[in-house]
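Novice: Got a structure here, written out as structure tokens. Questions coming.
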Amino acid sequence: MQESQGTTLPRMVILDDIDSTNLYAMRLIQANMAEHGLVVLAKHQTAGRGQRGKHWQSLPGENLLFSMVVETKGWPLQQQFIWNMAVALACRELVEKEVAVRCKIKWPNDLFIGDKKAGGILIENVVRGEWNWTVVGVGMNILQRSFDEELLHKATSWANEHSGKVAWDLEGLAIKLGKKLIDASDWQNRPKEICVDYNKHLYRLGEEITLKNGEFIERVRVLGVDDYGLIQIKRGEILESLVHGSSEWIV
Amino acid sequence: MDIKQIHELIKIINKSNIGEITIEDQDGKVTIKQKEEKVVQVAASAPAPQVYNVAAPAPAAAQASSAPSTPAPAAEPKADNLVTIKSPMIGTFYRKPSPDKPSFVEVGSDVAPGKVVCVIEAMKLFNEIESEVKGTIVKVLVEDASPVEYDQPLFLVEPA
Numbered sequence: 116m117q118e119s120q121g122t123t124l125p126r127m128v129i130l131d132d133i134d135s136t137n138l139y140a141m142r143l144i145q146a147n148m149a150e151h152g153l154v155v156l157a158k159h160q161t162a163g164r165g166q167r168g169k170h171w172q173s174l175p176g177e178n179l180l181f182s183m184v185v186e187t188k189g190w191p192l193q194q195q196f197i198w199n200m201a202v203a204l205a206c207r208e209l210v211e212k213e214v215a216v217r218c219k220i221k222w223p224n225d226l227f228i229g230d231k232k233a234g235g236i237l238i239e240n241v242v243r244g245e246w247n248w249t250v251v252g253v254g255m256n257i258l259q260r261s262f263d264e265e266l267l268h269k270a271t272s273w274a275n276e277h278s279g280k281v282a283w284d285l286e287g288l289a290i291k292l293g294k295k296l297i298d299a300s301d302w303q304n305r306p307k308e309i310c311v312d313y314n315k316h317l318y319r320l321g322e323e324i325t326l327k328n329g330e331f332i333e334r335v336r337v338l339g340v341d342d343y344g345l346i347q348i349k350r351g352e353i354l355e356s357l358v359h360g361s362s363e364w365i366v
Numbered sequence: 135m136d137i138k139q140i141h142e143l144i145k146i147i148n149k150s151n152i153g154e155i156t157i158e159d160q161d162g163k164v165t166i167k168q169k170e171e172k173v174v175q176v177a178a179s180a181p182a183p184q185v186y187n188v189a190a191p192a193p194a195a196a197q198a199s200s201a202p203s204t205p206a207p208a209a210e211p212k213a214d215n216l217v218t219i220k221s222p223m224i225g226t227f228y229r230k231p232s233p234d235k236p237s238f239v240e241v242g243s244d245v246a247p248g249k250v251v252c253v254i255e256a257m258k259l260f261n262e263i264e265s266e267v268k269g270t271i272v273k274v275l276v277e278d279a280s281p282v283e284y285d286q287p288l289f290l291v292e293p294a
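Protein chains in written order, with our numbering: chain A, 116 to 366; chain B, 135 to 294.
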């Protein structure tokens, strides 16, 4: 294993073509072949997933298709949303540093530049009596320039948002992100701080958003996200907490 | 009552566990009745938020606790030798890895430590729950895509 400035570089598996980096990492865990800090990077994935089967647009070699295996023995399962917050913050920081633009977190874990999605996070955990492993999947649009008609107003990439010269190498980015995630895995020492930070960078905080719930479309104000991941909203004069999946947020 | 007030009322009732309401004033009478399946549906999308210590009570919370769809595992006849796989967390219980895939396990499936039996989702985080025992699934106690509580029994296993 290579060392650099005292920090261990994440060990990395690079694949040309795979169903999804998360599925690959989960299979390694199932086969007892996973190790803490292992990064899986793919040039192309055929079954890249968002939330329960939603597809994520990706072209070969253009985007960051990344998963990292982190051992979680002793982590409290009931507080896993704080881990999600820490992961989202790590990704956001990377975007801001590399692209030099503002990057916000859309609840619960999408990465937005302006009003467009630049990346998404898919966290999958393995629970064997206790929380054993977490697989952090990150899909980020990096070099992709063109988007389907349907996605044009919803998605963007680093290349499309960056005003300077574009010279990112995906392996280098994977190493940077991997290091940030390993740093973030100390989240139990600073849960309050993470929650405050997450809210500070929350997309549309304090603003009105559109929610769709069956037939009803309504405007509500975003007040914040609590440490269990519920979004606090103001509907008229009434305060409410919503779980993810109860309404659809229309951007 | 004008149409806007009625619309508001429907919205409130839609999010509550009220089955039927009748309001009468000088202009007339309005009865709003909620469909049975609607009640269940709302419950299914709300993984018992009351346990999260919600400051402002979400109306859906009351729903989750009073929903008729909530299984009553206590009423299950239980043989002494059976092992119960319980939910380690609050969330939504899924029997399949994705909607188009077969279930992880069925009644009669053999399980062993490390075998995935279900996924529990909470706030877009997905948890693969593995069996800790070797044996055969004899009963599935929770319906696919329904909310589960911490420690709620999910499966009965006959140990091998």
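For each residue, glycine too, the CB sits at the ideal point set by N, CA and C.
Nothing here was measured: the structure is a model prediction, and the numbers come from that model.
Got a sec, what are the start and stop residues for the beta strand (DSSP E) A:K232 sits in?
Specialist: Locating residue 232 of chain A in the first sequence gives position 117, counting from the first residue. Unbroken beta strand (DSSP E) run through A:K232: 231-243.
Novice: Considering Cα atoms alone, identify which of A:D298, A:E330, A:R217 is closest to A:R319.
Specialist: By one-based count along the first sequence, residue 319 of chain A stands at place 204. Out of A:D298, A:E330, A:R217, A:R217 has the C-alpha closest to the C-alpha of A:R319.
Novice: Does the Cβ of A:E239 have 16 or more other Cβ atoms within 10 Å, making it buried, or fewer, making it exposed?
Specialist: Against the first sequence, residue 239 of chain A aligns to sequence position 124. Label assigned to A:E239: buried.
Novice: Rounded to the nearest angstrom, how far is the Cβ of A:I257 from that of A:A274, given a contact under 8 angstroms?
Specialist: What you label residue 257 of chain A is simply residue 142 of the first sequence in a count that begins at 1. What you label residue 274 of chain A is simply residue 159 of the first sequence in a count that begins at 1. About 7 angstroms; that satisfies the 8 angstroms criterion.
Novice: Would you kindly check if the distance between the Cβ of A:E352 and the Cβ of A:V337 is under 8 angstroms?
Specialist: Along the first sequence, read from residue 1 onward, the residue named residue 337 of chain A stands at position 222. Along the first sequence, read from residue 1 onward, the residue named residue 352 of chain A stands at position 237. Cβ atoms of A:V337 and A:E352: not closer than 8 angstroms.
Novice: So, at 7 angstroms on beta carbons, what are the nonlocal neighbours of B:F260 in its own chain, with the 5 sequence-adjacent residues on each side left out?
Specialist: One-based indexing of the second sequence puts residue 260 of chain B at position 126. Counting only Cβ-Cβ distances below 7 angstroms, and skipping sequence neighbours, we find V253.
Novice: For B:I219, which residues in the same chain have their Cβ closer than 7 angstroms to its Cβ, ignoring the five residues on either side in sequence?
Specialist: Taking the second sequence and counting its residues from 1, the one referred to as residue 219 of chain B is at position 85. Cβ within range, chain order: V251, S265, L288, F289, V291.
Novice: Going by the beta-carbon positions, is the gap between A:V202 and A:I228 smaller than 8 angstroms?
Specialist: The count along the first sequence starts at 1 and reaches residue 202 of chain A at position 87. The count along the first sequence starts at 1 and reaches residue 228 of chain A at position 113. No, they are not a contact pair.
Novice: Identify the residues that DSSP records as bridge partners of A:K221: which are they?
Specialist: Sequence index remark: in the first sequence, residue 221 of chain A carries index 106 (1-based). In DSSP, A:K221 forms a bridge with A:D225.
Novice: For the alpha helix (DSSP H) holding A:I197, just list the boundary residues, first then last.
Specialist: What you label residue 197 of chain A is simply residue 82 of the first sequence in a count that begins at 1. Residues 195-214.
Novice: So, helix, strand or coil for A:W246, using DSSP?
Specialist: For this step, residue 246 of chain A is matched to residue 131 along the first sequence. A:W246 falls in the strand class under three-state DSSP.
Novice: State the DSSP-derived secondary structure class of A:K349, mapped to helix, strand or coil.
Specialist: Taking the first residue of the first sequence as position 1, residue 349 of chain A is located at position 234. A:K349: strand per DSSP, three-state reduction.
Novice: Taking Cβ to Cβ, would you say A:K269 is nearer than 8 angstroms to A:V128?
Specialist: On the first sequence, position 154 is the one that residue 269 of chain A refers to. On the first sequence, position 13 is the one that residue 128 of chain A refers to. Contact: no.
Novice: In the DSSP output, what is A:N328 paired with across the bridge?
Specialist: Locating residue 328 of chain A in the first sequence gives position 213, where the first residue counts as 1. Paired residues: A:F331.
Novice: Any C-beta of chain A within less than 8 angstroms: which residues of the stretch 256-285 of chain B qualify?
Specialist: Residues A256, M257, K258, L259, F260, N261, E262, I263, E264, E266, Y284.
Novice: Could you check the C-alpha separation between B:V274 and B:Y228 for me, to the nearest Å?
Specialist: Stepping through the second sequence from its first residue, residue 274 of chain B is reached at position 140. Stepping through the second sequence from its first residue, residue 228 of chain B is reached at position 94. Their Cα atoms are separated by approximately 12 angstroms.
Novice: Of all Cβ atoms in chain B, is any one closer than 8 angstroms to the Cβ of A:R167?
Specialist: Position 52 of the first sequence holds residue 167 of chain A. In this prediction, A:R167 scores a pLDDT of 42, lower than 50, which makes its location untrustworthy; the coordinate-derived value is nonetheless stated afterwards. Cβ-Cβ to chain B under 8 angstroms: yes for A:R167.
Novice: When DSSP builds the beta bridges, which residues end up paired with B:C252?
Specialist: Position 118 of the second sequence holds residue 252 of chain B. Answer is B:I263, bridged to B:C252.
Novice: What is the DSSP secondary structure of A:P306, reduced to helix, strand or coil?
Specialist: Your numbering for residue 306 of chain A matches position 191 in the first sequence. DSSP places A:P306 in helix when its eight states are reduced to three.
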